[in-house]
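What follows is a short report on a single structure.
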Amino acid sequence: MIFLAKAAEMNSDDGFKMGDPYYCPECERNHIKGQIYKDHLQYAQVPDIQDEEKAEEIEAEKDEDIEEEDLEDEEDEEYEDDDFEEEYDDDFDGVDEEEEEYEDDDIDDDDDDDIEVYGSDERGVEECIEQVKDLTGVGEATLRKLIKAGFNSLESIAYTPPSIIQEDSGLGEKTTAKLIKQAMKRLNVGFKSAETLWEHRKNIARITTGSQELDNLLAGGVETGAMIEFFGEFRTGKTQIMHQLCVNVQLPKEKGGIEGAALYIDTEGTFRPERIIQMAEALDLDYNKVLKNIVFGRAYNSDHQILLAKEAINIIKERNIKLIVIDSLIGHFRSEYIGRGTLATRQQILNQHLHDLLRLCDIYPDLAIVVTNQVQAKPDVFYGNPLQAAGGNIIAHGSTIRIYLRKGKGEQRVAKIVDAPHLPEGEAVFSITGNGISD
Ligand code: GTP
Ligand code: MG
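Residue numbers 16 to 454, in my numbering, belong to the letters of the sequence shown in order.
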């Protein structure tokens, strides 16, 4: 497993306590120990022994940074020239020019006929990067910036808002707009027929939860290309279901899995490898392999959680991630943004975080995202169930399927579909046993 750690914790003997401000000579400004900073992303990932090569690459990259700065200057000049040309062209026959440009693109597109919008997993990382490199205006420096910020496929460029690409990669507004336009064109983003959509939905894969009843409720299990939220009171089995899915996603197709790895973002410190071992053994799986296929990240605060979710895009392909778990989605947000005054800010940041996650489903349609959520008592409800998922409407709109969990007798738990665009309302009873989730 790869453990993601906080930058400032790396030097435990630097004499600073958590929360202390300290001067960072690299960024030339004050940092708070225990917080993670974007400028130090390279420290956020503590490499496995096998990943030593990568650590060397990071070192090499640092050296290249100076080079890159030089290149950037050149690039800026290049774009200034471009802009000038464009303006000049616009004055005369700009429209024709643009059309001509796209005719050229179309010729390129013919070569790229095998790009599949929905079957992106068939392509390797390198192939995806090649396609980005192929876009007009992507030179060495631009490519490096894009990859560094996680935009290593046409999908990731096409589906990300321009402001985010700009902010994360440092590319200019015009360049970003051009890249998005091209990426969208090559991916045929636009109106589709319902038939195409149906073709896509027919190919949705499902991960078994371990309980036949719960699977039936979900029309076959946890589906890919969507976000599912399990919410309920404490000890209703949210964390147990998350653990089980991390094991089950690895199962072969005939056993209800999708032969992929899992990424677990733990915000509460409740991930237990021991539990994974128990569940893996119950399924006759080699638990060492199972553990290896779970990439684990502990999020210490909401900023860190957001950062880990953004980082995910860099490892999905490489590690064959088919399931992302966040347990719990809004715990940190809830404790950090206290009081009504900060509610608007919280909702806004949470909304962006959810969109980061949902975008991953657009980019990787064979990825399932499962999150947990606590419940909070809604004081103004006098009849019905006063327990509401925390996070309000934002989460309700972000997650495609919502399941409410409550306690039953003993080991039994009851799951109820609360909100799903395509599933009928219903309930399922399942159990939490020593072997994991079952009927
Ligand atoms: P919070 O995170 O506190 O909101 O709760 P949760 O919904 O995540 O609950 P969790 O998934 O941790 O479920 C806890 C329940 O799982 C406990 O009540 C136990 O009954 C059950 N459980 C956990 N581990 C085991 C185990 O090893 N064996 C058995 N039989 N049950 C377990
Ligand atoms: Mg839990």
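Glycine included, each C-beta is placed from N, C-alpha and C at the ideal position.
Between the segment 137-149 and the segment 342-355, do at least 3 Cβ pairs fall closer than 8 Å?
In short, these stretches do not touch, since the Cβ pair count stays below three.
For A164, name the three-state secondary structure that DSSP assigns.
Position 149 of the sequence shown holds residue 164. Three-state DSSP puts A164 in coil, outside helix and strand.
Should K431 be listed as close to the ligand GTP, given that the test is whether its C-beta is under 7 Å from any heavy atom?
On the sequence shown, position 416 is the one that residue 431 refers to. Outside the cutoff, so no.
Tell me the residue span of the alpha helix (DSSP H) that contains T151.
Residue numbering aside, residue 151 sits at position 136 when the sequence shown is read from its first letter. Unbroken run through T151: none, as it is neither H nor E.
Determine, using beta carbons only, whether V390 and V340 come nearer to each other than 8 Å.
Counted from its first residue, the sequence shown places residue 390 at position 375. Counted from its first residue, the sequence shown places residue 340 at position 325. No; because the gap between Cβ atoms is not below 8 Å, this pair is not in contact.
Can you list the residues near the ligand MG, meaning Cβ strictly closer than 7 Å to any non-hydrogen atom, in the order they appear in the chain?
Having a Cβ closer than 7 Å to some heavy atom of the ligand MG are K253, T254, E283, T285, D342, S343 and T387.
Less than 8 Å separating the beta-carbons of K337 and L382?
As a working mapping, residue 337 is identified with position 322 in the sequence shown. As a working mapping, residue 382 is identified with position 367 in the sequence shown. Yes, Cβ-Cβ distance for K337 and L382 is below 8 Å.
Can you list, in chain order, the residues of its chain whose CB lies under 7 Å from that of K268, leaving out five sequence neighbours each side?
For the purposes of this step, residue 268 is taken as residue 253 along the sequence shown, with counting starting at 1. Hits under 7 Å: E274.
What ranges does the beta strand (DSSP E) occupy inside the segment 177-247, keeping only unbroken runs of at least 3 residues that lie completely in it?
If we require 3 residues or more, the beta strand (DSSP E) runs fully inside the segment 177-247 come out as 242-247.
Specify the secondary structure class of I345 as computed by DSSP and reduced to three states.
As a first step, residue 345 must be located in the sequence shown, where it is residue number 330. Three-state DSSP puts I345 in coil, outside helix and strand.
Closer than 7 Å to a non-hydrogen atom of the ligand GTP - does that hold for the CB of E145?
Taking the sequence shown and counting its residues from 1, one reaches residue 145 at position 130. E145: no, Cβ never under 7 Å from the ligand GTP.
Going by DSSP in three states, A435 sits in which element: helix, strand or coil?
Residue mapping note: residue 435 aligns to position 420 of the sequence shown, counting from 1. Of the three classes helix, strand and coil, the one that applies to A435 here is coil, per DSSP.
With respect to 7 Å, is the separation between the Cβ of R421 and the closest non-hydrogen atom of the ligand GTP below this value?
By one-based count along the sequence shown, residue 421 stands at place 406. Incorrect: R421 has no Cβ contact closer than 7 Å to the ligand GTP.
Under the DSSP definition of a beta bridge, which residues are partnered with F445?
Here residue 445 refers to the residue found at position 430 of the sequence shown. F445 is bridged to R428.
Using 8 Å for Cβ pairs, my map puts I416 next to L438. What's the rounded Cβ distance?
For this step, residue 416 is matched to residue 401 along the sequence shown. For this step, residue 438 is matched to residue 423 along the sequence shown. About 7 Å; that satisfies the 8 Å criterion.
Given V310, which residues of its chain have a CB within under 8 Å of its CB, disregarding the five upstream and five downstream residues?
Translated into the one-based positions of the sequence shown, residue 310 becomes position 295. Answer for V310: M16, I17, A276, A277, L278, Y279, I330, R334 and I336, listed in chain order.
Just to confirm the assignment, what range does the beta strand (DSSP E) spanning L420 have?
For the purposes of this step, residue 420 is taken as the residue at position 405 of the sequence shown. Element bounds for L420: I416 to K422.
In angstroms with no decimal places, state the Cα-to-Cα distance between L169 and T191.
Working through the sequence shown from its first residue, we reach residue 169 at position 154. Working through the sequence shown from its first residue, we reach residue 191 at position 176. When rounded, the distance between both Cα atoms is 13 Å.
Do the segment 228-241 and the segment 373-381 touch if we need at least three Cβ pairs shorter than 8 Å?
Enough Cβ pairs lie closer than 8 Å, so yes.
Let me know the secondary structure DSSP gives I130 once reduced to three states.
On the sequence shown, position 115 is the one that residue 130 refers to. The pLDDT assigned to I130 is 31, lower than 50, so where the model puts this residue is not dependable; a value taken from the coordinates is nonetheless given after this. DSSP places I130 in coil when its eight states are reduced to three.
For T387, name the three-state secondary structure that DSSP assigns.
As a first step, residue 387 must be located in the sequence shown, where it is residue number 372. T387 falls in the strand class under three-state DSSP.
Please report the straight-line C-alpha distance between F206 and L212, rounded to a whole angstrom.
The count along the sequence shown starts at 1 and reaches residue 206 at position 191. The count along the sequence shown starts at 1 and reaches residue 212 at position 197. Roughly 10 Å between the two C-alpha positions.
At which residues does the beta strand (DSSP E) containing V305 begin and terminate?
Counted from its first residue, the sequence shown places residue 305 at position 290. No beta strand (DSSP E) holds V305; the alpha helix (DSSP H) holding it covers Y302 to K307.
Which value, in whole angstroms, describes the spacing of the CA atoms of Q227 and G272?
The residue labelled residue 227 in the question sits at position 212 within the sequence shown. The residue labelled residue 272 in the question sits at position 257 within the sequence shown. Near 14 Å, if we compare the C-alpha coordinates of G272 and Q227.
Measuring only from the beta carbon, is R250 closer than 7 Å to any heavy atom that is part of the ligand GTP?
Here residue 250 corresponds to residue number 235 of the sequence shown, with the count starting at 1. The answer is yes for R250.
Output needed for D129: all residues of its chain with C-beta closer than 6 Å, excluding positions within five of it in sequence on either side, in chain order.
Taking the first residue of the sequence shown as position 1, residue 129 is located at position 114. Low confidence applies here, because D129 scores a pLDDT of 33, under 50, leaving its location unreliable; read the following figure in that light. Closer than 6 Å at Cβ, skipping near neighbours: no residue.
Of all the beta strand (DSSP E) runs that stay within the bounds of the segment 266-336, which reach a length of 3 or more residues?
Runs found: 276-281 and 309-313.
Quick one: Cα of A198 to Cα of L420, how far?
As a position in the sequence shown, residue 198 is number 183, starting the count at 1. As a position in the sequence shown, residue 420 is number 405, starting the count at 1. When rounded, the distance between both Cα atoms is 41 Å.
Please report the Cβ distance between E442 and K424, rounded to the nearest whole angstrom; I am assuming they are in contact, meaning their Cβ atoms lie under 8 Å.
In the sequence shown, the residue the question calls residue 442 occupies position 427. In the sequence shown, the residue the question calls residue 424 occupies position 409. Wrong, their Cβ atoms sit about 14 Å apart, outside the cutoff.
Measuring alpha carbon to alpha carbon, tell me which of R216, K163 and G154 ends up nearest D377.
Residue 377 sits at position 362 when you count from the first residue of the sequence shown. Nearest option by C-alpha distance: R216.
Please return the same chain residues whose Cβ sits closer than 7 Å to the Cβ of G252, not counting the five positions on each side in sequence.
What you label residue 252 is simply residue 237 of the sequence shown in a count that begins at 1. Answer for G252: L420, R428 and I447, listed in chain order.
Taking 8 Å as the limit between beta carbons, can you name the residues of its chain near L158, skipping five residues before and five after?
Translated into positions along the sequence shown, residue 158 becomes position 143. Result list for L158: I144, V147 and K148, in chain order.
Please say whether A324 and L372 have beta carbons closer to each other than 8 Å?
Within the sequence shown, residue 372 is the residue found at index 357, counting from 1. Within the sequence shown, residue 324 is the residue found at index 309, counting from 1. Against a cut-off of 8 Å, the Cβ pair of A324 and L372 comes out as a contact.
DSSP three-state label for L382, please.
Sequence index remark: in the sequence shown, residue 382 carries index 367 (1-based). Coil at L382, not helix or strand.
Taking the alpha helix (DSSP H) that I452 falls in, what are its first and last residues?
Mapped onto the sequence shown, residue 452 falls at position 437. Where I452 is concerned, there is no enclosing alpha helix (DSSP H), although the beta strand (DSSP E) it sits in stretches over G451 to S453.
I'd like the list of long-range same chain contacts for N316, defined as Cβ closer than 7 Å, with 5 residues on each side in sequence excluded.
In the sequence shown, counting from the first residue as 1, residue 316 sits at position 301. So the list reads H347 and E351, once near-sequence residues are dropped.
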